[in-house]
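Enquirer:
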Amino acid sequence: MLIEAALEEFLEHGYGSASLDRVVKRARVSKTTLYSRYASKEELFRAIVYQQINRINPASLLQVDSRSFSLEEGLKSYANTMLELNLKGEMLGVNRLINSESGRFPELGT
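Just so you know, the sequence shown maps onto residues 0 to 109 in numbering that gives the first Met the number 0.
See the structure below:
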């Protein structure tokens, strides 16, 4: 619940304006709980971004029988699926957040 609350906060307010006080209020946990899991706002942000990125498992997206599709068709299918996933709701917000914070977190821009 903590990660979900923090994700909502970062999506609504961006990294700079996000408040850990609002995060703990949304998650209904104490600041002690928050800081026992994440040492800083920066660490929490990174955890959220990496969790969202890891939700997309590329291997599971390409469940294609290689005898039925050519390499080109398989790659097109994979690319279309990735594009659809990245342009939907929450993931689109996460992508925007990553882009807007890439100056502060250069490793996210790669």
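Glycine is no exception: its CB is placed at the ideal position from the N, C-alpha and C atoms.
(1) Just verifying my parser: in three-state terms, what is the DSSP assignment at GLY102?
(2) Return helix, strand or coil for SER18, following the three-state DSSP convention.
(3) Measuring straight from C-alpha to C-alpha, what distance separates ARG103 and GLY15?
(4) Around the Cβ of GLU8, are there at least 16 other Cβ atoms within 10 angstroms (buried) or fewer (exposed)?
(5) Do you know offhand how far GLU11's Cα is from SER69's?
(6) Along the alpha helix (DSSP H) that carries VAL48, what are the first and last residues, could you check?
Expert: Result, derived from the coordinates:
(1) Against the sequence shown, residue 102 aligns to sequence position 103. Of the three classes helix, strand and coil, the one that applies to GLY102 here is coil, per DSSP.
(2) On the sequence shown, residue 18 is found 19 positions in, with the first residue counted as 1. In the structure shown, SER18 sits in coil (DSSP, three-state: anything other than H, G, I, E or B).
(3) Numbered from 1 along the sequence shown, position 104 holds the residue referred to as residue 103. Numbered from 1 along the sequence shown, position 16 holds the residue referred to as residue 15. Cα-Cα distance, rounded: 10 Å.
(4) Your numbering for residue 8 matches position 9 in the sequence shown. Label assigned to GLU8: buried.
(5) The residue you call residue 11 lines up with position 12 of the sequence shown. The residue you call residue 69 lines up with position 70 of the sequence shown. So the two alpha carbons sit approximately 43 Å from each other.
(6) Position 49 of the sequence shown holds residue 48. First-last of the alpha helix (DSSP H) with VAL48: 40–54.
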